[in-house]
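When we follow the numbering used here, the leftmost residue of the sequence shown carries the number 508, and every step to the right adds one. What follows is a single structure, written as structure tokens, with notes after it.
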Amino acid sequence: MGDNSNSNSNGNGNGNGKDDRAGVSDEEWARFLEQAEAGMATAPKEPSARAREVTARLRREEEQRAKASKKRGRKGGARPGDPPGWRTGPAWQELQARGRGRRRLKAGLAIAAIAALALVALRPELVIDRLTGKAAQREAEAARGPLPAETVRPGAAPTETLPDRPTLREPFRGSPAVQWADGAAGIEVPEARALNGVSKEYVAEGLARTKRFLVAANLDPATLRGERPQPALDLIDPAQDELVALVERSLAKPDRDSDPLNLFTRFKAAEIRPAGDAVKVRGRMELEPGDGPGLVDVVVDYTFVYPVVEARAGAEEVTRSIVRRQMEFTIADPVRWRVKPGTLQLGPYATDTANTSCDRWDGYLHPEFSGRPATGPTPSGTPQDPYDRSKDVRSGRGEGCTVASRL
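In structure tokens form, the structure reads like this:
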């Protein structure tokens, strides 16, 4: 019963209020009320149940995002649904933006570096040529432009340049011929004049026929493919029956003594194809009086440079074969000499070739490539410069197998 009365004393009690303060003086009761009021003002307020629920939910969502971000290998960031201040404030966003900017810059620099390394791996000459001076050499050659026509025999060979390998795009790279004329433009005809009883008009016709022969024998695509050089054959006077028979025999059954390469440039189309459309030509054509009245000799000395590649699919290595020809043609006055109109008398001729097999006499040039094993006898003797036009050519291919000092 006593317990029940103590519990009820905290209620309103009866109207006089004396039971509520039993055993407590008025001073103590007043002091108690003051302390209670002071305590109520400073005591922390406990969050409501709703606030606790929201806080717990936000904390759970943040923990779930953090776990998911770790699985993806990225740091957690602001989400569109996050309230302001929950890792979405301006300072946090600015830090994230700066980080993303730095990452993009680093990624861009890395991509650029990788691309540069890949380009150097594919075309190392872009760096090597700058270091070795080859790039500057090419730029200087391009700036000099083509050489003027040759009018007299040179006094020396062309200046040696840095060794440079030809390519499909630049088949004359590293060759003095890069400054020579292309094709028939390199065969310049001197001004015709009356000479030794032959009229200027007939001399002019003879010079034109001489150029036509050189073009047909050394530049015509059909001839270079190994076909019969009929346009050139038609310009030889049939009255030279022994010469005509020798030429026909060399084309039908070529051998060491009957070699069509002494007059015509021919490659086997199944093995070799041109590297580009150009053949570089350098030389001169001169007029001299013949051995008798009514005769004029046309003396020619030309070097032809042929860039070639193997005919097989995908072949990329380029090499060059070089042919130099010294020949004489005679223009005969038809009034004094019995000649077939529109033809030439073919006189002495000599040929020198560089980069062809020394022991094959099948009527074709056989260039050698560095990527393939060499065949035939090993070249010997002093290396010869095929670009040296200051000396006469040797008498023919059968004079031995020498190595070219450059191609």
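In this text, a Cβ means the ideal position worked out from N, Cα and C, and glycines have one as well.
- Would the beta-carbon of Q833 fall within 8 angstroms of that of V788? no
- Query: Which word fits T730, buried or exposed, when buried means at least 16 other C-beta atoms lie within 10 angstroms of its C-beta?
  - Reply: buried
- Item | Reduced DSSP secondary structure (H/G/I, E/B, other) of T668 | coil
- Task: Measure the Cβ-Cβ separation of A839 and G801 and say whether it is below 8 angstroms.
- Result: yes
- Task: With DSSP as the reference, label T837 as helix, strand or coil.
- Result: strand
- Message: Rounding to the nearest angstrom, what Cα-Cα distance links Q747 and Q852 in this structure?
- Response: 7 angstroms
- Report yes or no: do the region 748-768 and the region 861-875 share at least 3 C-beta pairs separated by less than 8 angstroms? yes
- Item | C-alpha distance - S765 paired with L753, whole-angstrom precision | 7 angstroms
- Item | Own chain partners of R843 with C-beta closer than 8 angstroms, once the 5 adjacent residues on each side are dropped | G704, P800 and G801
- Task: Measure from the alpha carbon of Q686 to the alpha carbon of each residue in E778, L654 and R676, then state which is nearest.
- Result: L654
- Message: Just to confirm my understanding: we take F876, look at its own chain, exclude 5 residues before and 5 after, and list those with CB closer than 8 angstroms. What are they?
- Response: E817, E824 and T826
- Message: Do V807 and L721 have their beta-carbon atoms positioned less than 8 angstroms apart in this structure?
- Response: yes
- Task: Consult DSSP for D538 and reduce its assignment to one of helix, strand or coil.
- Result: Correcting the residue type first, residue 538 is Arg in the shown sequence and not Asp. In this structure, R538 counts as helix in the three-state DSSP scheme.
- Closest by C-alpha distance to V815, when choosing among F679, E835 and P893: F679
- Task: Using beta-carbon positions only, say whether P736 and F771 come within less than 8 angstroms of one another.
- Result: yes
- Cα-Cα separation, D798 to T837: 10 angstroms
- Query: Should L616 go down as buried or exposed, given a rule of 16 or more other Cβ atoms within 10 Å for buried?
  - Reply: exposed
- Message: Let me make sure I understand the geometry here. Which of T658, P683, D744 and P665 has the alpha-carbon closest to that of E698?
- Response: T658
- Could you please give me the residues that DSSP links to S828 through a beta bridge? Y813
- Message: Could you check whether E835 and G849 sit closer than 8 angstroms to each other, using their CB atoms as the reference points?
- Response: no
- Task: Name the residue from Y709, T810 and A820 whose alpha carbon lies nearest to the alpha carbon of K898.
- Result: T810
- Task: Would you kindly report the start and end of the unbroken alpha helix (DSSP H) that includes Y894?
- Result: Y894 -> no alpha helix (DSSP H), and no H or E assigned at all.
- Message: For L853, report the span of its beta strand (DSSP E) as first-last.
- Response: Q852 to A861
- Taking 8 angstroms as the cut-off, decide whether the C-beta atoms of Y813 and A664 are in contact. no
- Can you have a look at L565 and say buried or exposed, based on whether 16 or more other CB atoms are within 10 angstroms of its CB? exposed
- Item | Coarse secondary structure for V842, derived from DSSP in three states | coil
- Query: What first and last residue would you give for the alpha helix (DSSP H) that runs through P738?
  - Reply: Q737 to L740
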